[in-house]
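Sequential numbering from 9 applies to the sequence shown in the working numbering. Yeah, the Cβ is synthetic: ideal placement off N, Cα and C, and Gly gets one too. It should be emphasised that the depicted structure is a prediction, and the values quoted were computed from it without experimental measurement.
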Amino acid sequence: MAARTEEALAFDRTNYKMLLIGIAIVILGYVLMNGGGSGDPEVFDAKEIFSPRRITVAPIVCLIGYVFVIYAIMRKSRTAE
Numbered sequence: 009m010a011a012r013t014e015e016a017l018a019f020d021r022t023n024y025k026m027l028l029i030g031i032a033i034v035i036l037g038y039v040l041m042n043g044g045g046s047g048d049p050e051v052f053d054a055k056e057i058f059s060p061r062r063i064t065v066a067p068i069v070c071l072i073g074y075v076f077v078i079y080a081i082m083r084k085s086r087t088a089e
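As structure tokens, this is what we get:
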């Protein structure tokens, strides 16, 4: 049998933490987009649906989260090989 070689994982502990933080930021962005519904389907409340939180803040938060996730994936570990 061939000798087992120890292979390093693709990510280290810091990468996984950053990845989870980025995913949490993306989820927060989608939570901020949530809502705006009305109990009565005949009523249209434009102020609630087109609020700055849903139109501006939430997409920016999602974008920041996605950038953070991409950085966490691309970041090299600082361990010496």
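Closest by C-alpha distance to residue 68, out of 81, 35, 54, is 35. By the C-beta density criterion, residue 30 is buried, having at least 16 other C-beta atoms within 10 angstroms.
Within the model, the alpha-carbon separation for residue 28 versus residue 55 is close to 33 angstroms.
The continuous alpha helix (DSSP H) containing residue 68 extends over residues 66 to 82. The alpha-carbon of residue 71 is positioned some 26 angstroms away from that of residue 86. Excluding residues up to 5 positions away in sequence, nothing lies with its Cβ nearer than 6 angstroms to the Cβ of residue 79 in the same chain.
Per DSSP, residue 17 lies in no alpha helix (DSSP H) segment and is marked neither H nor E. Excluding five sequence positions before and after residue 23, the CB atoms of its chain that fall closer than 8 angstroms to its own CB belong to 80, 81, 83, 85, given in chain order.
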